[in-house]
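Peer 1: Just passing along the structure, written as structure tokens.
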Amino acid sequence: MFEQIFENVRRISPLVHNITNYVTVNDCANMLLACGGSPIMADELEEAADITAVCGGLTINIGTLNRRTISAMFAAGKRANELGHPAVLDPVGAGASGLRTDTALALMKEVKFAVIRGNISEIRTLACGTGTTKGVDADAADRVTDDNLDEAVSLARDLARRTGAVIVITGAIDIAADGERAFCIRNGHAMMSAVTGTGCQLSALTAAFVTANPGQTLEAAAAAVCAMGLCGEIAYKRLTEADGNASYRNYIIDAMYRLTPAALEKGAYYEVR
Amino acid sequence: MFEQIFENVRRISPLVHNITNYVTVNDCANMLLACGGSPIMADELEEAADITAVCGGLTINIGTLNRRTISAMFAAGKRANELGHPAVLDPVGAGASGLRTDTALALMKEVKFAVIRGNISEIRTLACGTGTTKGVDADAADRVTDDNLDEAVSLARDLARRTGAVIVITGAIDIAADGERAFCIRNGHAMMSAVTGTGCQLSALTAAFVTANPGQTLEAAAAAVCAMGLCGEIAYKRLTEADGNASYRNYIIDAMYRLTPAALEKGAYYEVR
Amino acid sequence: MFEQIFENVRRISPLVHNITNYVTVNDCANMLLACGGSPIMADELEEAADITAVCGGLTINIGTLNRRTISAMFAAGKRANELGHPAVLDPVGAGASGLRTDTALALMKEVKFAVIRGNISEIRTLACGTGTTKGVDADAADRVTDDNLDEAVSLARDLARRTGAVIVITGAIDIAADGERAFCIRNGHAMMSAVTGTGCQLSALTAAFVTANPGQTLEAAAAAVCAMGLCGEIAYKRLTEADGNASYRNYIIDAMYRLTPAALEKGAYYEVR
Chain D
1 MFEQIFENVR RISPLVHNIT NYVTVNDCAN MLLACGGSPI MADELEEAAD ITAVCGGLTI
61 NIGTLNRRTI SAMFAAGKRA NELGHPAVLD PVGAGASGLR TDTALALMKE VKFAVIRGNI
121 SEIRTLACGT GTTKGVDADA ADRVTDDNLD EAVSLARDLA RRTGAVIVIT GAIDIAADGE
181 RAFCIRNGHA MMSAVTGTGC QLSALTAAFV TANPGQTLEA AAAAVCAMGL CGEIAYKRLT
241 EADGNASYRN YIIDAMYRLT PAALEKGAYY EVR
Chain X
274 MFEQIFENVR RISPLVHNIT NYVTVNDCAN MLLACGGSPI MADELEEAAD ITAVCGGLTI
334 NIGTLNRRTI SAMFAAGKRA NELGHPAVLD PVGAGASGLR TDTALALMKE VKFAVIRGNI
394 SEIRTLACGT GTTKGVDADA ADRVTDDNLD EAVSLARDLA RRTGAVIVIT GAIDIAADGE
454 RAFCIRNGHA MMSAVTGTGC QLSALTAAFV TANPGQTLEA AAAAVCAMGL CGEIAYKRLT
514 EADGNASYRN YIIDAMYRLT PAALEKGAYY EVR
Chain P
547 MFEQIFENVR RISPLVHNIT NYVTVNDCAN MLLACGGSPI MADELEEAAD ITAVCGGLTI
607 NIGTLNRRTI SAMFAAGKRA NELGHPAVLD PVGAGASGLR TDTALALMKE VKFAVIRGNI
667 SEIRTLACGT GTTKGVDADA ADRVTDDNLD EAVSLARDLA RRTGAVIVIT GAIDIAADGE
727 RAFCIRNGHA MMSAVTGTGC QLSALTAAFV TANPGQTLEA AAAAVCAMGL CGEIAYKRLT
787 EADGNASYRN YIIDAMYRLT PAALEKGAYY EVR
């Protein structure tokens with residue numbers, strides 16, 4: 001199944017509009033190119049809806065948000081909804097400031113998202129309407145492991161039911177869930193958290209996968225999560241003793257560029273609950 | 274000829290002011306350093322003209338433009354004109370939104386550019402005053418090949434005559450033309466389009482080459498295009514089976530850092546029409 | 547001493563709020579992760595003070611400043627002072643425009659910085675209240691060598707006395723001084739200046755080191771400078787004949803990821819005056 005989904009991405013080459021943070025934006029662009037998609041970034045209100053219209057999908061990432069870009073997020077999200085384009089929300093740092101929490105919640109009210117992807121702290125913040133995220137990484141006390149996987153699946157499924165979006169929670173174990181089914185995904189490597197923006201890249205990647213696979217949002221989101229994790233594994237194996245997180249960053253994107261649909265099918269490691 | 278032009282860049286180390294997008298800005302800065310130049314980025318109206326004044330050249334790149342940075346673009350462009358500093362325009366995504374098309378056209382009216390560099394879709398938009406660019410990459414139907422090279426050369430030459438700028442159109446074959454002569458350049462590799470911002474890097478590089486070679490704008494722009502393409506070729510040869518577009522990105526900049534003026538002279542592959 | 551300081555960074559994993567330029571921000575984030583810290587970037591006034599409050603330390607870097615982010619710098623700096631969090635100032639390009647000089651000087655008046663780090667041209671501008679910096683690199687006539695080291699140490703020490711901050715001047719020889727003592731540091735490699743943002747990365751790194759070592763600001767700042775320089779040396783040794791400044795950029799961050807506290811202790815090369 002994931003083979004076909006990834007082949008669609010490579011064949012259709014979805015153009016994705018990204019309103020995203022300036023920290024990891026270059027990696028998001030190169031990751032989109034690596035998977036076979038095409039990126040465009042535009043965050044000014046005057047052009048946001050126009051750019052959304054020429055694209056197939058949209059990613060809204062609230063890292064380094066500001067008043068100017070927030071207005072563009074709403075305009076782009078609403079236009080994507082009007083056009084039936086899938087939109088992905090990455091609520092970076094929701095819970096770390098009132099502005100981030102409020103913006104993410106307001107976006108969820110006014111825009112229908114196909115997928116919402118965050119770490120467990122961010123998703124919990126969205127589910128509860130409040131949070132205590134420390135920075136942009138998941139709280140240690142909060143990480144998804146086999147011990148609390150059931151609870152995290154319930155969280156994802158409940159939020160999926162309330163929002164109509166596929167909810168993706170990434171961590172040691174990743175979850176992609178709609179109201180009915182949950183993919184629990186064990187691809188990836190712990191060192192990915194030492195590279196800034198692997199989550200942001202995954203959100204952009206997810207937009208490409210979902211855009212190229214209409215009607216299969218859950219499967220496409222799960223495929224993107226598996227692909228990203230698998231690239232983290234492949235890249236980790238390339239590391240020499242001198243390589244650190246900067247080379248690892250490059251190798252992950254390289255791995256996506258080289259990944260074949262068949263290799264994704266074979267390497268995807270998940271169960272469906 | 275290109276040998277001397279590149280030697281001038283290395284010797285003079287031109288300081289280039291860049292008002293550019295936040296997607297590829299880091300690569301533009303490292304590319305400028307790699308060629309022997311020096312970058313400074315500044316996009317706030319209050320300081321834009323001051324920064325232009327301490328530099329030798331200017332690049333205006335309209336990717337991720339916004340109202341605030343647009344005002345800085347006009348101020349910097351006008352100051353560059355007053356001081357006789359060469360200015361390069363990169364109309365990223367012209368044709369993809371009204372804001373980008375209008376801003377590029379307005380800049381061309383109020384600022385005299387030494388060089389305007391874009392893909393064929395963007396340049397066509399500037400020539401026609403309207404366009405249908407899909408995103409930031411050239412439309413497939415629109416790419417420059419031997420079949421439509423004559424037409425593209427005419428387009429470049431006509432726009433050069435109307436604007437007084439050297440027009441650079443990059444694609445499978447690159448063109449650098451003033452009103453009289455056109456360099457048709459066959460350096461480069463198709464994989465360069467899998468790296469975000471190779472066009473933006475070339476625009477910044479062109480500003481450095483033109484700044485270090487007053488009175489030779491066409492030749493300097495053509496030399497920059499050949500140098501960038503040659504680095505794409507050299508970098509491609511370095512790729513291992515595990516390397517993808519992220520490593521390629523690094524290798525292209527690396528190649529510029531290592532490129533000698535003599536190697537540019539020898540590797541430049543072009544004809545003049 | 548530096549061994550213990552670096553161990554504290556790795557153990558405490560300080561969360562650092564960065565208001566910084568969009569040119570080098572990704573490298574700052576990955577450098578913070580490489581040293582064992584954790585980055586968050588946020589530059590909107592509405593959330594700046596909130597983000598400062600959830601972090602342990604703050605870096606204010608004025609490269610690509612604008613009116614919006616300047617207001618966030620003041621808010622974050624004041625909150626850091628209220629909370630007793632260390633704040634680091636990187637006056638990128640002070641002297642190159644009135645806006646940069648004035649902003650840096652105003653920040654120094656309204657915020658108490660633990661460390662101020664710049665090149666000699668920038669620090670001289672802060673000390674004199676005016677300057678003639680050409681761009682973001684130190685003026686050639688101005689570089690710190692053995693010939694003018696005494697004078698540069700005096701400059702640093704005097705400014706440290708006036709401001710209460712540790713003053714770090716980086717160049718061929720680096721200086722970290724408070725009002726009493728000055729570390730003169732000879733780690734590093736000249737090629738580091740061919741990578742954009744090694745200074746910015748050092749400022750972010752310094753914030754992490756100082757945050758994890760309360761009461762030892764001077765020693766922590768000196769340790770950060772030694773660590774950065776040592777990584778520049780280690781990375782230089784990795785370079786192949788094909789590698790240039792882009793690979794060097796990655797190798798420097800890689801080296802920090804791999805650096806052990808014991809290796810820092812052994813490799814640090816400095817004298818105290």
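Protein chains in written order, with the numbering used here: chain D, 1 to 273; chain X, 274 to 546; chain P, 547 to 819. Don't be surprised by glycine CBs; every beta carbon is placed ideally from N, CA and C.
Relative to the alpha-carbon of A80 (chain D), which residue among D:L149, D:G57, D:F2 and D:M31 has its alpha-carbon at the smallest distance?
Peer 2: Taking the first sequence and counting its residues from 1, the one referred to as residue 80 (chain D) is at position 80. Of the candidates D:L149, D:G57, D:F2 and D:M31, the one whose C-alpha sits nearest the C-alpha of A80 (chain D) is D:G57.
Peer 1: With DSSP as the reference, identify every bridge partner of M41 (chain D), one or two as the case may be.
Peer 2: By one-based count along the first sequence, residue 41 (chain D) stands at place 41. DSSP, once it has assigned bridges, lists D:N18 as partnering M41 (chain D).
Peer 1: Do you know offhand how far A723 (chain P)'s Cα is from V225 (chain D)'s?
Peer 2: On the third sequence, residue 723 (chain P) is found 177 positions in, with the first residue counted as 1. On the first sequence, residue 225 (chain D) is found 225 positions in, with the first residue counted as 1. A723 (chain P) and V225 (chain D): Cα-Cα distance of roughly 48 Å.
Peer 1: Please find out if some non-hydrogen atom of the ligand COA comes closer than 7 Å to the beta-carbon of V545 (chain X).
Peer 2: Annotation note on the ligand COA: not contained in the displayed structure, which lists no ligands.
Peer 1: Can a CB atom of chain X be found closer than 8 Å to the CB of D26 (chain D)?
Peer 2: In the first sequence, residue 26 (chain D) corresponds to position 26, counting from 1. As written in the sequence, residue 26 (chain D) is Asn, which differs from the Asp given in the question. So, interface residue.
Peer 1: In chain order, what residues of the same chain have a beta carbon less than 8 Å from the beta carbon of Y270 (chain D), not counting five sequence neighbours either side?
Peer 2: Along the first sequence, one-based indexing puts residue 270 (chain D) at 270. Cβ neighbours of Y270 (chain D) beyond the five flanking positions: F183, C184, I185, R186, N187, A222 and C226.
Peer 1: Determine whether the Cβ of R373 (chain X) lies closer than 8 Å to any Cβ atom of chain D.
Peer 2: For the purposes of this step, residue 373 (chain X) is identified with residue 100 of the second sequence, where counting begins at 1. True, the Cβ-Cβ gap to chain D drops below 8 Å.
Peer 1: To the nearest whole angstrom, what separates the beta carbons of A781 (chain P) and Y803 (chain P), a pair I think is in contact under 8 Å?
Peer 2: Locating residue 781 (chain P) in the third sequence gives position 235, counting from the first residue. Locating residue 803 (chain P) in the third sequence gives position 257, counting from the first residue. With 8 Å as the limit, A781 (chain P) and Y803 (chain P) do not qualify as a contact, their Cβ atoms being about 11 Å apart.
Peer 1: Taking A485 (chain X) and V282 (chain X) to be in contact with their CB atoms under 8 Å, please state how far apart those CB atoms are, rounded to whole angstroms.
Peer 2: Taking the first residue of the second sequence as position 1, residue 485 (chain X) is located at position 212. Taking the first residue of the second sequence as position 1, residue 282 (chain X) is located at position 9. The pair is a contact, with the Cβ atoms about 4 Å apart (cut-off 8 Å).
Peer 1: Against chain X, does A104 (chain D) count as a neighbour if the rule is that its beta carbon must be under 8 Å from one of theirs?
Peer 2: The count along the first sequence starts at 1 and reaches residue 104 (chain D) at position 104. No, because no Cβ of chain X sits closer than 8 Å to the Cβ of A104 (chain D).
Peer 1: Pull up the distance between the alpha-carbon of R341 (chain X) and that of D316 (chain X), whole angstroms please.
Peer 2: Taking the second sequence and counting its residues from 1, one reaches residue 341 (chain X) at position 68. Taking the second sequence and counting its residues from 1, one reaches residue 316 (chain X) at position 43. C-alpha separation (whole angstroms): 8 Å.
Peer 1: Evaluate the contact criterion for the stretch 106 to 120 of chain D versus the stretch 72 to 86 of chain D: three or more CB pairs, one atom per stretch, below 8 Å.
Peer 2: yes
Peer 1: Excluding five sequence neighbours on each side, which residues of the same chain lie with their C-beta closer than 7 Å to the C-beta of A165 (chain D)?
Peer 2: The sequence position of residue 165 (chain D) within the first sequence is 165, counting from 1. Closer than 7 Å at Cβ, skipping near neighbours: F113, A114, V115 and I116.
Peer 1: Which bits of chain P does D323 (chain X) rub up against, with CB to CB less than 8 Å?
Peer 2: On the second sequence, residue 323 (chain X) is found 50 positions in, with the first residue counted as 1. Going along chain P in sequence order, the residues near D323 (chain X) (Cβ under 8 Å) are A642, S643, G644 and L645.
Peer 1: Where do the N-terminal and C-terminal ends of the alpha helix (DSSP H) with C128 (chain D) fall, by residue?
Peer 2: On the first sequence, residue 128 (chain D) is found 128 positions in, with the first residue counted as 1. First-last of the alpha helix (DSSP H) with C128 (chain D): I120 to C128.
Peer 1: Which residues in the same chain have their Cβ closer than 7 Å to the Cβ of A34 (chain D), if we skip the five residues on either side of it in sequence?
Peer 2: Taking the first sequence and counting its residues from 1, one reaches residue 34 (chain D) at position 34. Closer than 7 Å at the Cβ level, and outside the excluded window around A34 (chain D), lie I253, M256 and Y257.
Peer 1: Below 8 Å on the Cβ atoms is my guess for P359 (chain X) versus T490 (chain X); work out the distance and round it to an integer in Å.
Peer 2: Position 86 of the second sequence holds residue 359 (chain X). Position 217 of the second sequence holds residue 490 (chain X). Indeed they touch by this definition, with Cβ atoms about 7 Å apart.
Peer 1: Please list the partners that R67 (chain D) has in chain P, where partner means a Cβ-to-Cβ separation under 9 Å.
Peer 2: On the first sequence, position 67 is the one that residue 67 (chain D) refers to. Near R67 (chain D) (Cβ distances below 9 Å), the residues of chain P are E590, L591, E592 and R614.
Peer 1: Can you tell me which of P:V638, P:M738 and P:K624 puts its alpha carbon nearest to the alpha carbon of G775 (chain P)?
Peer 2: Here the question's residue 775 (chain P) lines up with position 229 in the third sequence. The residue with the shortest Cα to Cα distance from G775 (chain P) is P:M738.
Peer 1: Should G664 (chain P) and D683 (chain P) be called a contact, given that it needs their Cβ atoms to be closer than 8 Å?
Peer 2: By one-based count along the third sequence, residue 664 (chain P) stands at place 118. By one-based count along the third sequence, residue 683 (chain P) stands at place 137. In this structure, the beta-carbon distance from G664 (chain P) to D683 (chain P) does not fall below 8 Å.
Peer 1: First and last residue of the beta strand (DSSP E) that includes L362 (chain X)?
Peer 2: One-based indexing of the second sequence puts residue 362 (chain X) at position 89. Here the beta strand (DSSP E) through L362 (chain X) covers A360 to D363.
Peer 1: Leaving out the 5 sequence neighbours to the left and right, which residues in its chain are closer than 7 Å to A535 (chain X) when beta-carbon positions are compared?
Peer 2: Working through the second sequence from its first residue, we reach residue 535 (chain X) at position 262. Result list for A535 (chain X): E276, in chain order.
Peer 1: Could you check how far apart the C-beta atoms of A220 (chain D) and V210 (chain D) are, in whole angstroms? I think they sit under 8 Å.
Peer 2: In the first sequence, residue 220 (chain D) corresponds to position 220, counting from 1. In the first sequence, residue 210 (chain D) corresponds to position 210, counting from 1. Contact between A220 (chain D) and V210 (chain D) holds, with the beta-carbon distance rounding to 5 Å and staying under 8 Å.
Peer 1: Would you mind stating whether A377 (chain X) and I51 (chain D) have Cβ atoms separated by less than 8 Å?
Peer 2: Within the second sequence, numbered from 1, the residue matching residue 377 (chain X) stands at position 104. Within the first sequence, numbered from 1, the residue matching residue 51 (chain D) stands at position 51. The answer is no: Cβ separation not under 8 Å.
Peer 1: Using the three-state DSSP reduction, which class does L701 (chain P) fall into: helix, strand or coil?
Peer 2: Position 155 of the third sequence, counting from 1, holds the residue named residue 701 (chain P). Looking at L701 (chain P) - three-state DSSP - the assignment turns out to be helix.
Peer 1: What are the boundary residues of the alpha helix (DSSP H) that includes I285 (chain X)?
Peer 2: Position 12 of the second sequence holds residue 285 (chain X). Run containing I285 (chain X): F275 to I285, per the alpha helix (DSSP H) assignment.
Peer 1: Within 10 Å of its beta-carbon, does M304 (chain X) have 16 or more other beta-carbons around it, so buried, or fewer, so exposed?
Peer 2: Taking the first residue of the second sequence as position 1, residue 304 (chain X) is located at position 31. When all chains shown are included, M304 (chain X) counts as buried.
Peer 1: Measure how close the beta-carbons of T101 (chain D) and A204 (chain D) come, nearest whole angstrom, since I'm counting them as under 8 Å.
Peer 2: Translated into positions along the first sequence, residue 101 (chain D) becomes position 101. Translated into positions along the first sequence, residue 204 (chain D) becomes position 204. Not a contact, Cβ separation roughly 22 Å.
Peer 1: Return the CA-CA distance between L239 (chain D) and E47 (chain D), expressed in angstroms with no decimal places.
Peer 2: The count along the first sequence starts at 1 and reaches residue 239 (chain D) at position 239. The count along the first sequence starts at 1 and reaches residue 47 (chain D) at position 47. Going from the Cα of L239 (chain D) to the Cα of E47 (chain D) covers about 42 Å.
Peer 1: Starting from the beta carbon of N245 (chain D), find every residue of chain X whose beta carbon is closer than 7 Å, and list them in chain order.
Peer 2: The count along the first sequence starts at 1 and reaches residue 245 (chain D) at position 245. By Cβ distance, chain X contributes nothing, its closest Cβ being about 13 Å from N245 (chain D), past 7 Å.
Peer 1: Round the Cβ separation of G309 (chain X) and C473 (chain X) to the nearest angstrom and send it over; I've been treating them as touching at under 8 Å.
Peer 2: The count along the second sequence starts at 1 and reaches residue 309 (chain X) at position 36. The count along the second sequence starts at 1 and reaches residue 473 (chain X) at position 200. About 19 Å separates the two Cβ atoms, so there is no contact after all.
Peer 1: Kindly list, in the order they appear in chain P, the residues whose Cβ is closer than 9 Å to that of T64 (chain D).
Peer 2: As a working mapping, residue 64 (chain D) is identified with position 64 in the first sequence. Result: Y568, V571, M587, A588, D589 and E590.
Peer 1: Just verifying my parser: in three-state terms, what is the DSSP assignment at N421 (chain X)?
Peer 2: Position 148 of the second sequence, counting from 1, holds the residue named residue 421 (chain X). In the structure shown, N421 (chain X) falls within a coil segment according to DSSP collapsed to helix, strand and coil.
Peer 1: Can you tell me whether V272 (chain D) is buried or exposed? The criterion is at least 16 other CB atoms within 10 Å of its CB, across all chains shown.
Peer 2: Here residue 272 (chain D) is taken as the residue at index 272 of the first sequence, counted from 1. Label assigned to V272 (chain D): exposed.
Peer 1: For G745 (chain P) and chain X, any beta-carbon pair shorter than 8 Å?
Peer 2: Position 199 of the third sequence holds residue 745 (chain P). Chain X, which has no Cβ nearer than 8 Å to the Cβ of G745 (chain P), makes this no.
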